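Asker: One structure, as structure tokens, below. Some questions next.
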Amino acid sequence: MELGIKRPLLAVAAVLAVLLAGWFLSGSMAEPDDVAVADTARAGSGKGGIPKEDLKIGVVYLSDPAEGAGYTYTHDLGIQEMQLNIGLKDEQILRLVNVADNDEAQIEAALQECVDKKCNIVFATSFGYMDTVEKFAARYPEIHFFHATGYKSNNTNFNNYFGRIYQPRYLSGLVAGSKTKSNMIGYVAAMGSENAEVTGGIDAFAMGIYAVNPQAKVYVKVTNSWFDPVKEKEASEQLLAMGCDVMSQHCDTAYPMKLAEDKGVWGVGYNSDMRKQTPGSALVSVIWHWGAFYTDAVQQLMDGTWQPHNYYEGMSEGIVGITELSDENDARVKELVSQAELDILQGRQKVFTGVIETNDGGTVGTAGQDFSDGDITGNLHWYFKNVVIVP
685 MELGIKRPLL
695 AVAAVLAVLL
705 AGWFLSGSMA
715 EPDDVAVADT
725 ARAGSGKGGI
735 PKEDLKIGVV
745 YLSDPAEGAG
755 YTYTHDLGIQ
765 EMQLNIGLKD
775 EQILRLVNVA
785 DNDEAQIEAA
795 LQECVDKKCN
805 IVFATSFGYM
815 DTVEKFAARY
825 PEIHFFHATG
835 YKSNNTNFNN
845 YFGRIYQPRY
855 LSGLVAGSKT
865 KSNMIGYVAA
875 MGSENAEVTG
885 GIDAFAMGIY
895 AVNPQAKVYV
905 KVTNSWFDPV
915 KEKEASEQLL
925 AMGCDVMSQH
935 CDTAYPMKLA
945 EDKGVWGVGY
955 NSDMRKQTPG
965 SALVSVIWHW
975 GAFYTDAVQQ
985 LMDGTWQPHN
995 YYEGMSEGIV
1005 GITELSDEND
1015 ARVKELVSQA
1025 ELDILQGRQK
1035 VFTGVIETND
1045 GGTVGTAGQD
1055 FSDGDITGNL
1065 HWYFKNVVIV
1075 P
């Protein structure tokens, strides 16, 4: 069964209960774009599955959402939204932060804490948690384990969830390609071509750039870590020193955006709306709406209607998207992006389709055929022709 995810309709939501980002963290005020909104249209009966009063949800985070931007922060906005929609008490949610995804002992300890504190649902939000979650799912079949990114599942109590982030990545490439003057666009990447999730995002971004500016190139610096503030800062500095005048990223910190603003150039944000951190440089951000997934997954477990499956949806289901373009983008670019977004939503633009030229002089794909989901999620180990890997 697919999760019936739709974009929250703020104007008609029965309850506009706004929970400011960071409400449980520091009490600091968030920008209006960073809110979790109750959407009572998602609420089900709660009968037949796990009773609401018996729910205990563990969430394992790579970093701390108190940072106020980025990957973990966006996931926690989704958890907050789910809490509002379902009506859970604070003590029904266990958050474990700063759990390194390259340290199995830390991951084991975090997951064991979820078990010991009687969690019946566990969301593990980083790629590197995958193998350990797989072990725990086999060890504790009565607990539902959900793993973000990655690819493993067991068809019983362990499933994978992600989204077609390449769709808004393509749109953001249209923006970046239209704005660059140096034709050098920087990209800080967590992983290299061995990771299809990261590579697919780079390729879609590069394709969008090429569609509007065939002369521009994307300069990619790989950090080999999902979260490493030092390496992300150093990578950003290197790309900016080379002359990149637009920066983007697939990494957890806001360094590419912040340093771009410091240098007086442009940025394309990722994960959360980065206008809050860098109002002077953010042209647009590619964002996740995790609350849609979290709400429906928990609600279906309460209703007894959840079926094991891997979740992979896109812009039309509301799980991914882009922010409103800043006023630094001219009307022509806004119209271009709007039309391309419509083409994606209506199925005319598939991004990965036909024969595609790669940066090593070869080609991939078949004329007249779209790439399968399996290819996009697991086999994109090549770079589009305008991508340059920076040593």
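Residue numbers (the numbering used here): 685 to 1075. Yeah, the Cβ is synthetic: ideal placement off N, Cα and C, and Gly gets one too. None of the values given here were measured: they were computed from a predicted structure.
(1) Would you mind working out which of 789, 935 and 1006 sits nearest residue 626, comparing C-alpha positions?
(2) Just how far apart, CA to CA, sit residue 871 and residue 923?
(3) Should residue 945 be labelled buried (16 or more other beta-carbon atoms within 10 Å of its own) or exposed?
(4) If we ignore side chains and look at the alpha-carbon of each, how far apart do residue 761 and residue 1045 end up?
(5) With burial defined as no fewer than 16 other Cβ atoms inside 10 Å of the residue's Cβ, what is the status of residue 1050: buried or exposed?
(6) Write down the C-beta distance between residue 864 and residue 900 rounded to the nearest angstrom, noting that I regard them as a contact closer than 8 Å.
(7) Report buried or exposed for residue 853, applying the criterion of at least 16 other Cβ atoms within 10 angstroms of its Cβ.
(8) Residue 814 to residue 823, Cα distance in whole Å?
(9) Mind checking residue 989: buried by the 16 CB within 10 Å criterion, or exposed?
(10) Going by other Cβ atoms of all chains shown within 10 Å of its Cβ, with 16 needed for buried, is residue 1032 buried or exposed?
(11) Please say whether residue 927 and residue 892 have beta carbons closer to each other than 7 Å?
(12) Using the C-alpha atoms, what's the distance from residue 861 back to residue 882?
(13) Quick one: Cα of residue 751 to Cα of residue 970, how far?
(14) Spatial neighbours of residue 709 within its chain, please: C-beta separation below 7 Å, excluding the five flanking residues on both sides.
(15) CB residue 952 to CB residue 920, shorter than 7 Å?
(16) Please state whether the Cβ-Cβ distance between residue 791 and residue 904 is less than 7 Å.
(17) Count the other CB atoms, across all protein chains shown, that sit within 10 Å of the CB of residue 1026; report buried if there are 16 or more and exposed otherwise.
(18) Rounded to the nearest angstrom, what separates residue 715 and residue 1039 at their Cα positions?
(19) Any idea what DSSP makes of residue 988, helix, strand or coil?
(20) Count the other CB atoms within 10 Å of the CB of residue 907; is the residue buried (16 or more) or exposed (fewer)?
(21) Figure out for me which residue from 938, 880, 809 and 816 has the closest Cα to the Cα of residue 1067.
(22) Buried or exposed, going by whether 16 or more other CB atoms sit within 10 Å of the CB of residue 773?
(23) When we look at the beta-carbon of residue 735 and count the other beta-carbons within 10 Å, is it buried (16 or more) or exposed?
(24) Take residue 1061 and list the residues in its own chain whose beta-carbon comes closer than 8 Å to its own, dropping the five residues that flank it on each side.
(25) If you measure between the beta carbons of residue 955 and residue 733, is that distance less than 7 Å?
(26) Looking only at its chain, what residues have a beta carbon closer than 6 Å to the beta carbon of residue 1018, apart from the 5 residues adjacent to it on each side?
(27) Over what stretch of residues does the alpha helix (DSSP H) that includes residue 861 continue unbroken?
(28) Could you tell me which of 784, 1020 and 768 sits nearest to residue 756, measuring between CA atoms?
(29) Can you give the beta carbon distance from residue 1075 to residue 840, rounded, assuming they're within the 8 Å contact cut?
(30) Determine the DSSP secondary structure at residue 724, reduced to helix, strand or coil.
(31) Kindly indicate which three-state DSSP category residue 956 falls into: helix, strand or coil?
Answerer: Based on what the coordinates show:
(1) This structure cannot settle anything about residue 626, because the visible part of the chain is limited to 685 through 1075.
(2) Roughly 8 Å separates the two Cα atoms.
(3) By the 10 Å Cβ count, residue 945 comes out buried.
(4) Rounded to whole angstroms, residue 761 and residue 1045 show a C-alpha spacing of 42 Å.
(5) Classification of residue 1050: exposed, given that the 10 Å Cβ count is below 16.
(6) Contact holds; Cβ gap of about 5 Å.
(7) Burial call: buried.
(8) Our two residues, residue 814 and residue 823, have alpha carbons roughly 14 Å apart in a direct line.
(9) With fewer than 16 other CB atoms across the displayed protein chains lying within 10 angstroms of its CB, residue 989 is exposed.
(10) By the neighbour-count rule (16 or more Cβ atoms within 10 Å), residue 1032 is not buried but exposed.
(11) Contact flag unset, no.
(12) The alpha-carbon atoms of residue 882 and residue 861 are separated by roughly 19 Å.
(13) One alpha carbon belongs to residue 751, the other to residue 970, and they sit about 18 Å apart.
(14) Residue placement at residue 709 is poorly supported in this model, since its pLDDT is 31, which falls under 50; the coordinates still yield a value, given next. 749 and 750.
(15) Not a contact, by the Cβ cut-off of 7 Å.
(16) Cβ distance not < 7 Å, so residue 791 and residue 904 don't count as in contact.
(17) Only exposed fits residue 1026, as fewer than 16 other CB atoms lie within 10 angstroms of its CB.
(18) Only weak support is given to the placement of residue 715: the predicted model assigns it a pLDDT of 39, under 50, and the value that follows is read from those uncertain coordinates. Between residue 715 and residue 1039, the C-alpha separation is close to 43 Å.
(19) In the structure shown, residue 988 sits in coil (DSSP, three-state: anything other than H, G, I, E or B).
(20) Looking at its Cβ environment, which holds 16 or more other Cβ atoms inside 10 Å, residue 907 is buried.
(21) Nearest option by C-alpha distance: 880.
(22) Exposed is the call here.
(23) Exposed is the label assigned to residue 735, since fewer than 16 other Cβ atoms lie within 10 Å of its Cβ.
(24) Closer than 8 Å at the Cβ level, and outside the excluded window around residue 1061, lie 835, 846, 880, 881, 884 and 996.
(25) No; because the gap between Cβ atoms is not below 7 Å, this pair is not in contact.
(26) Here the set comprises 1009.
(27) Annotation: the continuous alpha helix (DSSP H) that includes residue 861 extends over 850-863.
(28) The option with the nearest alpha carbon to residue 756 is 784.
(29) About 44 Å; that fails the 8 Å criterion.
(30) Bear in mind that a pLDDT of 46 at residue 724, under 50, signals an unreliable position, so the number given afterwards is only what the model happens to contain. Of the three classes helix, strand and coil, the one that applies to residue 724 here is helix, per DSSP.
(31) It is coil, neither helix nor strand.
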